[in-house]
Amino acid sequence: MLNTLRKIVQEVNAAKDLKAALGIIVQRVKEAMGSQVCSVYLLDPESNRFVLMATDGLNKRSIGKVSMAPNEGLVGLVGTREEPLNLENASEHPRYRYFAETGEERYASFLGSPIIHHRKVMGVLVIQQKERRQFDEGEEAFLVTMSAQLAGVIAHAEATGSIRGLGKQGKGIQEAKFVGVPGSPGAAVGTAVVVLPPADLEVVPDKHVEDITAELLLFNTALEGVRTDMRALSAKMATQLRPEERALFDVYLMMLEDAALGNEVVKVIKTGQWAQGALRQVVSEHVNRFELMDDAYLRERASDVKDLGRRLLAYLQQARQQTLVYPDNCILVSEELSPAMLGEVPEGKLVGLVSVQGSGNSHVAIFARAMGIPTVMGVVDLPYSKIDGIQLIVDGYHGEVFTNPSELLRKQYAEVVEEERQLTQGLDALRGLPCETLDGYRMPLWVNTGLLADVKRAQERGAEGVGLYRTEVPFMIKERFPSEKEQLAIYREQLVAFHPLPVTMRSLDIGGDKALSYFPIKEENPFLGWRGIRVTLDHPEIFLVQTRAMLKASEGLDNLRILLPMISGIQELEEALHLIHRSWGEVRDEGIDIPMPPVGVMIEIPAAVYQVRELARQVDFLSVGSNDLTQYLLAVDRNNPRVADLYDFLHPAVLQALCKVVEGAHAEGKPVSICGEMAGDPAAAVLLMAMGFDSLSMNATNLPKVKWLLRQISLGKAKELLAQVMTIDNPQVIHSTLQLALRNLGLGRMINPASNIQA
Ligand code: PEP
Ligand code: MG
């Protein structure tokens with residue numbers, strides 16, 4: 005059964021549009037279940053009716069015509085109860101409704117299963133049988149499994165259709181909304197540019213081309229390139245492989261022949277598809293066919309075709325590299341955005357980012373916030389390979405993306421963009437003003453840095469220090485570990501730029517989602533694995549070089565602070581302190597006279613919350629990493645879009661932990677700061693100030709907004725609000741209470757500028 009299921013899903017996945025996908029589903033499920041009818045009804049959101057969209061067994065002419073409201077018929081019942089329904093004699097059921105046009109009266113037994121995607125009912129899958137019989141438990145389980153698997157595929161096919169004009173009702177190109185998670189606040193209206201990872205055939209988008217001859221030429225050149233490579237490879241292997249083993253290369257060469265794969269691609273190009281799209285189409289058809297074969301040898305051929313496809317694509321992409329055009333108001337879209345992709349866009353053109361993978365705390369989102377670019381992450385259902393060149397709206401406040409927006413929606417969002425621009429201009433005037441509440445309380449606002457671009461922005465926005473310099477960022481953009489001298493130069497630049505303000509440099513925090521290409525860490529469970537201080541304590545040579553470079557860089561400046569990430573207990577802290585002292589001694593032995601800098605520890609693992617006093621006793625300051633602390637307290641992967649809506653730094657458990665940290669630090673007479681993204685959320689910042697954090701460290705983009713809000717409120721009022729919030733046990737209620745309170749104070753505009761758009 006599992007194999008049948010796998011095959012059906014694969015076939016459906018490869019279907020060219022929704023109609024074809026549904027056609028395959030009804031045909032294959034009917035066969036697999038040995039039933040006489042299989043039908044799919046989909047819920048049309050406009051009419052709120054379940055519409056018969058495909059059937060094998062009922063009258064095909066009733067497709068698109070027969071429909072029922074959720075309170076009608078057995079299909080409506082399955083949809084509203086969100087449960088399977090298994091009836092031996094359907095017509096005896098009080099909810100049975102008869103549709104003459106389907107020819108349904110001949111079928112006695114009925115088994116229906118709801119198709120649910122992300123908690124939303126998409127439709128109902130039904131099988132029927134002439135004779136009266138109860139479908140058995142195994143059959144029921146199969147249908148439920150089938151619908152669960154198909155839900156995602158249908159959602160995807162439906163979305164793709166609505167984007168390229170193959171919509172459910174055949175209505176042509178429509179506005180469609182895709183939900184992800186907020187990555188960086190702000191709104192943008194622009195044109196999608198899909199960026200592909202190198203030579204990944206599956207994600208090549210469809211693209212229409214006018215100049216077919218040029219495309220054919222490109223493809224022929226690629227074919228020639230791969231042929232030459234194959235011959236060269238075969239010759240190279242001549243001494244190591246027997247001739248029969250080398251026959252594989254001949255197979256490859258044969259596949260490339262004009263009469264085979266090559267010719268099929270040419271045919272598709274001639275329909276106006278670009279060479280890369282044509283290649284993807286042909287290769288995936290072949291791969292699917294091979295993968296469905298029962299013969300193991302033939303199944304293996306699928307990987308040969310894939311390999312050939314990738315090789316051809318690599319050639320085609322090389323030829324394309326110079327021709328990627330970035331229009332004005334460009335919105336970059338990719339399966340997984342990387343910081344390098346952002347760097348490719350000419351200055352001034354990039355207005356928004358959309359990533360299918362990742363969440364608000366992925367590094368690319370952190371970069372986006374530093375650069376002030378509206379971003380939506382984790383839009384898992386976006387058929388991104390189909391949207392190159394179309395109009396998009398990115399709503400980074402709510403984590404939503406709109407494809408082909410209507411004129412009205414575009415106008416509404418253009419107004420939000422303009423309001424934002426004016427607001428930012430107004431906020432610039434705040435630069436020279438202190439962050440002081442209405443009742444005279446000073447709240448130091450610091451920045452998080454990593455990129456050099458952050459330094460300039462931080463200075464423009466009046467930061468009072470650096471609360472977190474992520475040293476892994478300069479490590480990430482290199483091809484090997486930077487030497488002590490190279491690190492020294494980079495760190496010196498930071499320290500000089502902010503002097504005399506303090507700069508908190510965190511020791512290398514790699515692992516988890518932060519990978520160095522030259523130091524790969526492959527783990528099943530990277531966030532619970534070898535990361536942060538665990539790596540550097542195991543590699544004292546890396547830690548010592550880094551801390552020596554920091555210390556030397558601070559010579560004569562005296563504004564360095566060192567911060568230790570991912571500390572889970574006293575032992576790690578003591579070992580790290582020991583190494584820092586060793587570095588300090590070595591540097592002084594080299595004749596460089598510098599004082600021992602303040603050393604702090606990050607509180608980002610729940611264990612550290614409970615040992616906060618013991619840790620505080622041994623260090624000079626504490627800094628809460630609310631990104632990781634939230635992830636570990638709630639057991640929610642900060643990069644997994646499926647659970648992104650559970651990731652919430654305003655969860656009561658997180659708020660209680662934060663209060664405990666402040667209390668513990670102060671009881672030991674040590675200052676405590678917070679440097680996770682939470683500190684840059686204006687509403688959350690009000691609570692953090694009230695809790696007693698000694699400084700808030702955030703990305704430069706949000707700093708003026710936080711400053712504006714804190715200047716409009718009194719510490720007294722903030723404390724009242726905190727006291728009220730701490731009595732609430734539900735995160736949703738905390739959010740709304742906070743929003744309402746700030747709105748009542750006339751401070752709503754800073755919370756959510758796009759909140760009044762009804763899309
Ligand atoms: C944090 O965990 O809150 C933090 C600031 O560190 P990073 O996001 O770099 O893990
Ligand atoms: Mg962290």
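Heads up: the sequence shown runs through residues 5 to 763, numbered per this note's numbering. By construction, the Cβ of each residue, glycine as well, lies at the ideal position given by its N, Cα and C atoms. These numbers come from a predicted model, not from an experiment.
key: beta-carbon residue 766 near ligand 1 non-hydrogen atom, thresh 7 Å   = Outside the shown range of the chain, which is 5 to 763, sits residue 766, and nothing can be said about it.
ask   = Can residue 631 be considered in contact with ligand 2, in the sense that its beta carbon sits closer than 7 Å to one or more heavy atoms?
value = Yes.
request  = Please report how far the alpha carbon of residue 284 lies from the alpha carbon of residue 227, in whole angstroms.
outcome  = Distance between the alpha carbons of residue 284 and residue 227: 14 Å.
ask   = Does the Cβ of residue 608 lie closer than 7 Å to at least one heavy atom of ligand 2?
value = Checking every heavy atom of ligand 2 against the Cβ of residue 608, one is found closer than 7 Å.
key: Where the alpha helix (DSSP H) through residue 727 begins and ends   = Boundaries of the alpha helix (DSSP H) around residue 727: 719-729.
request  = Return yes when at least one heavy atom of ligand 2 lies under 7 Å from the C-beta of residue 569, else no.
outcome  = It does: the Cβ of residue 569 is within 7 Å (strictly closer) of some heavy atom of ligand 2.
query = At what residue ranges does the segment 409-448 contain a whole run of the alpha helix (DSSP H), taking only runs of 4 or more?
reply = Runs of the alpha helix (DSSP H) inside the segment 409-448: 411-432.
query = Would DSSP call residue 7 helix, strand or coil?
reply = Reduced to three states, the DSSP call for residue 7 is helix.
request  = Report yes if the CB atom of residue 62 is closer than 8 Å to the CB atom of residue 54, and no otherwise.
outcome  = Not a contact, by the Cβ cut-off of 8 Å.
task = Give every residue of the same chain whose Cβ lies closer than 6 Å to the Cβ of residue 32, excluding the five residues on either side of it in the sequence, and list them in chain order.
result = Taken in chain order, the residues that qualify are 12.
key: Under 8 Å between C-beta atoms of residue 399 and residue 203   = The criterion of a C-beta distance shorter than 8 Å is not satisfied by residue 399 and residue 203.
task = Would you mind reading off the limits of the alpha helix (DSSP H) that contains residue 667?
result = Its alpha helix (DSSP H) spans residues 656-671.
ask   = Looking at residue 466 and ligand 1, is the gap between the Cβ and the nearest heavy atom below 7 Å?
value = Not one heavy atom of ligand 1 is found less than 7 Å from the C-beta of residue 466.
ask   = Roughly how many whole angstroms lie between the Cα atoms of residue 503 and residue 552?
value = Straight-line Cα distance between these residues: approximately 19 Å.
heavy atom of ligand 4 below 7 Å from residue 474 C-beta = What this structure holds is ligand 1 and ligand 2, not ligand 4.
task = Just mark residue 446 as buried or exposed, buried being the case when its beta carbon has 16 or more other beta carbons within 10 Å.
result = Its Cβ having fewer than 16 others within 10 Å, residue 446 is exposed.
task = May I ask which residues mark the beginning and end of the alpha helix (DSSP H) holding residue 28?
result = Its alpha helix (DSSP H) spans residues 22-37.
Proximity test, residue 334 beta-carbon vs ligand 1 heavy atom, cut-off 7 Å = For residue 334, the CB stays at least 7 Å from every heavy atom of ligand 1.
query = Would residue 608 pass as a contact of residue 567 if the rule is Cβ separation under 8 Å?
reply = It is not a contact, given that the beta carbons lie outside the stated cut-off.
ask   = Just the Cα atoms here: how many angstroms apart are residue 221 and residue 271?
value = Each residue's alpha carbon lies about 13 Å from the other.
Reduced DSSP category for residue 297 - H, G, I as helix; E, B as strand; rest coil = The answer is coil: DSSP assigns residue 297 none of H, G, I, E or B.
inquiry  = According to DSSP, residue 60 sits in a beta bridge with which residue or residues?
reply    = Bridge partners of residue 60 according to DSSP: 42.
request  = Please go through the same chain and pick out, in chain order, the residues whose beta-carbon is closer than 6 Å to the beta-carbon of residue 513, but skip the five residues on each side of it.
outcome  = Result list for residue 513: 476, 536 and 569, in chain order.
ask   = Quick one: does the C-beta of residue 680 sit closer than 7 Å to a heavy atom of ligand 1?
value = Distance from the C-beta of residue 680 to the nearest heavy atom of ligand 1 is below 7 Å.
request  = Compare the Cα-Cα distances from residue 605 to each of 596, 591, 659 and 675 and report the closest residue.
outcome  = With distances taken between Cα atoms, residue 605 lies closest to 675.
key: Three-state secondary structure assigned by DSSP to residue 521   = Coil at residue 521, not helix or strand.
message = Going by C-alpha to C-alpha distance, which of 114, 355 and 557 sits closest to residue 130?
response = Closest by alpha carbon: 114.
ask   = Near residue 549, which residues of its chain fall below 6 Å by C-beta distance, leaving aside the five closest residues on each side in sequence?
value = Once the five neighbours on either side are set aside, the close Cβ partners of residue 549 are 488.
ask   = Among residues of its own chain, excluding the 5 on either side of residue 663, which ones have a beta-carbon nearer than 6 Å to its beta-carbon?
value = Cβ neighbours of residue 663 beyond the five flanking positions: 695.
task = For residue 267, count neighbouring C-beta atoms within 10 Å of its own C-beta (all shown protein chains included) and say buried if the count is 16 or more, exposed if not.
result = Note on residue 267: under 16 other CB atoms within 10 angstroms of its CB, so exposed under the neighbour-count rule.
request  = Could you tell me which residues DSSP pairs with residue 395 in its beta bridges?
outcome  = Per the DSSP secondary-structure output, residue 395 pairs in a beta bridge with 195.
inquiry  = Please report the straight-line C-alpha distance between residue 762 and residue 121, rounded to a whole angstrom.
reply    = Here the model assigns residue 762 a pLDDT of 48, short of 50, so the residue's position is not dependable and the matter cannot be decided.
query = chain B beta carbons: is any one of them nearer than 8 Å to that of residue 26?
reply = No chain B is present in this structure, which holds just one protein chain.
inquiry  = Check this for me: beta carbons of residue 701 and residue 683, under 8 Å apart or not?
reply    = Contact flag set, yes.
inquiry  = Suppose the cutoff is 6 Å on Cβ atoms and the five residues either side in sequence are ignored; what does the same chain contact list for residue 652 look like?
reply    = Cβ neighbours of residue 652 within its own chain (closer than 6 Å, five residues either side excluded): 735.
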